[in-house]
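As structure tokens, the structure follows; a few thoughts come after it.
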Amino acid sequence: MTVGGALGLLVVAVVAFLVGAVNPATLVARALGVDLRGAGSGNPGATNAGRVLGRKWGVLVLVLDVAKAYLPTLLALWRFGLWAALVAGLAVVLGHVFSPFLRGHGGKGVACALGAILAVAPLVALVALVVFGVAVSVVRFVGEASVVVTLVLVGIGALGLGGWLPVVGRPVGGWLVVLALVVLSRHRRNVVAWWGRHRRA
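Residue numbers for the sequence shown follow the numbering used here, beginning at 482 and rising by one.
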């Protein structure tokens, strides 16, 4: 990689991170006179926004979260190629999860990750949506369903990284694994809660 190429990727990463750091849930809630940090679960994401502000606002936040990852990642893909898109997609998700505008306390990254994957690997995004729908219908909790999806993405990514899923490929496979692990790290409480419910059952 040339110095110019490395510098270009750094610029893409910084811009995408800052885009991801802008939190639609917080902005929409503030416009409605609500502080999400002290309402519901306190998480500045679409699920909590829907719970606190109402379903239509939750859907709006969801769409904005997906779009803020999809558009920069797709633009990077069109303009600079696959590696730039992978950098942009990961940076957007990291910006959302560790938003400096929220003192490092961002959302859980599910919708953002979906937007980034939709730009790079639409078929994988479709699989993730189907798995999520099935998981929600079975476990009845969005957080736990998100954990299921991230685990499936780790599996898909690992297959691609190992060369056993050519339609995904090694670079995208490794990227999917990293994205999924970032999102999974934000769902530790959901994993603990799920485990607790199953132990009591």
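The beta carbon of each residue, even a glycine, is placed where N, CA and C say it ideally should be.
For ALA520, there is no enclosing alpha helix (DSSP H), since its DSSP letter is neither H nor E. Remark: C-beta atoms of ALA530 and ALA510 approach each other more closely than 9 Å. Taking HIS586 as reference, the option from GLY570, ARG518, PHE613, PRO652 with the minimal CA-CA separation is ARG518.
Here the region 546–564 makes contact with the region 592–608; the two share three or more CB pairs at distances below 8 Å. When Cβ pairs closer than 8 Å are counted between the two stretches, the region 656–664 is seen to touch the region 573–587, the count reaching three or more. Annotated as proximal: PRO581 and ALA502, with beta-carbon spacing under 9 Å.
Per DSSP, GLY514 is not a residue of any alpha helix (DSSP H), being assigned neither H nor E. Straight-line measurement puts the Cα of GLY638 at about 11 Å from the Cα of VAL648. Ranked by Cα distance from GLY596, the first of ALA548, ALA512, ARG621 is ALA548. Sequence-distant partners of GLY590 (beyond 5 residues in either direction) whose C-beta falls short of 7 Å from its own C-beta, in its chain, are VAL574, HIS577, VAL578, VAL663, VAL664, ARG667. Of all alpha-carbon atoms in GLY655, SER618, LEU583, the one lying nearest the alpha-carbon of GLY523 is that of LEU583. DSSP places PRO652 inside the alpha helix (DSSP H), whose first and last residues are 651–666. Here the C-alpha atom of LEU488 lies approximately 42 Å from the C-alpha atom of PHE622.
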